Amino acid sequence: MAKLVEFLKDESGASAAEYVLIIAVVGGALTATLAILTGAMDGAMTKVAGVLNPKT
Numbered sequence: 184m185a186k187l188v189e190f191l192k193d194e195s196g197a198s199a200a201e202y203v204l205i206i207a208v209v210g211g212a213l214t215a216t217l218a219i220l221t222g223a224m225d226g227a228m229t230k231v232a233g234v235l236n237p238k239t
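No gaps in the numbering here: position 44 of the sequence shown is 227 in this note's numbering, and each next residue is one more.
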């Protein structure tokens with residue numbers, strides 16, 4: 184993390200395209216992570232709802 188902050192502060196040769204690329208990669212990683220966690224959380228909440236409201 185410290186290296187990333189140092190890289191972002193270093194302006195020698197940095198261009199807007201590099202920053203856009205970094206943001207795109209981070210955004211893609213976040214999107215993939217949220218997609219995975221959404222499915223897992225949905226399953227977990229369904230199990231909890233089944234325990235709290237058992238069908239009789």
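Glycine is no exception: its CB is placed at the ideal position from the N, C-alpha and C atoms.
Quantities reported herein were computed from a predicted structural model and do not represent experimental measurements.
- Of Gly233, Lys238 and Ile205, the smallest CA-CA separation from Leu187 is found for Ile205.
- Within its own chain, no residue has a Cβ closer than 6 Å to the Cβ of Ala215 once the five positions on either side in sequence are excluded.
- Collapsing the DSSP output to three states places Asp225 in a helix.
- Lys192 sits in a helix when the DSSP states are folded into three classes.
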